[in-house]
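For reference, the structure is listed below as structure tokens.
In the working numbering, the protein residues as written are 127 to 351.
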């Protein structure tokens with residue numbers, strides 16, 4: 127029995143997982159519970175409905191799984207069945223182990239990376255060098271400033287990005303909790319201020335870009351997953 131709080135329809139589950147699993151394991155019955163009215167996670171917990179596999183995003187994992195104590199340490203099971211964790215991107219395994227003291231409560235089915243798309247035509251038009259590999263955030267923002275302008279009735283914003291994804295990416299590697307005091311760091315670590323100012327200003331431009339797309343607004347650099 128599979129469950130996801132994503133609300134993913136049954137057709138999508140069957141296409142992505144169900145049919146493949148049945149072909150791989152013909153002796154098992156594969157069923158899926160869709161999150162909707164009457165079958166949300168809290169509903170299932172209250173009425174005692176059990177499921178074997180819960181799949182969720184890493185952003186919702188702590189809220190949905192840990193908060194309801196649904197986690198199971200799979201470390202011994204991984205060893206027993208000789209699961210090669212080296213096949214998985216190392217940073218993902220590290221992040222999973224950091225959730226609770228080195229235990230592994232989940233394994234990734236898939237993953238996406240945050241990437242920058244840039245419009246070469248706009249960079250050529252304004253005579254600005256293309257963004258390069260291994261750019262720092264400071265360098266990216268400097269390029270963004272050079273590309274931000276209003277010409278011919280068209281507003282150009284140098285960078286448009288998703289604040290939610292930037293926040294989860296945590297590019298400054300700021301710990302959310304002080305390991306000594308076990309208290310949030312957001313009011314004490316000055317890096318949060320720097321990060322939030324940068325991210326929120328970028329997010330504001332992104333929202334402006336989307337809300338007024340029909341008013342000839344363009345963004346040379348798009349950050350997305």
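Where is the CB? At the ideal position from N, CA and C, for every residue including glycine.
Let's see if you can read the secondary structure: which residues bound the beta strand (DSSP E) around residue i?
i, result
"residue 277", "275-277"
"residue 159", "158-160"
"residue 138", "Counting along the chain, residue 138 falls outside any beta strand (DSSP E), though it belongs to the alpha helix (DSSP H) covering 136-139."
"residue 285", "285-287"
"residue 242", "241-244"
Taking the continuous alpha helix (DSSP H) assigned at residue i, which residues delimit it?
i, result
"residue 236", "That residue, residue 236, is in no alpha helix (DSSP H); it is neither H nor E in DSSP."
"residue 224", "216-224"
"residue 172", "167-173"
Hey, how far is the Cα of residue i from the Cα of residue j?
i, j, result
"residue 280", "residue 310", "43 Å"
"residue 187", "residue 219", "15 Å"
"residue 150", "residue 184", "26 Å"
"residue 316", "residue 197", "34 Å"
"residue 172", "residue 182", "20 Å"
"residue 255", "residue 240", "22 Å"
"residue 152", "residue 145", "10 Å"
"residue 273", "residue 244", "11 Å"
"residue 142", "residue 166", "21 Å"
"residue 211", "residue 323", "37 Å"
"residue 206", "residue 231", "15 Å"
"residue 176", "residue 191", "14 Å"
"residue 278", "residue 271", "18 Å"
What residues match up with residue i in a beta bridge as DSSP calls it?
i, result
"residue 181", "Paired residues: none, contrary to the question."
"residue 128", "158, 179"
"residue 186", "The partner list for residue 186 (beta bridge, DSSP) is empty, contrary to what the question assumes."
"residue 310", "303"
Which same chain residues end up closer than 7 Å to residue i when comparing Cβ atoms and leaving out the 5 residues on each side of it in sequence?
i, result
"residue 135", "160"
"residue 235", "181"
Residues in its own chain within less than 6 Å of residue i by CB, not counting five upstream and five downstream?
i, result
"residue 147", "156"
"residue 268", "none"
Can you find the residues in the same chain that come closer than 8 Å, C-beta to C-beta, to residue i, ignoring five residues on each side of it along the sequence?
i, result
"residue 300", "311, 315, 317, 318, 321"
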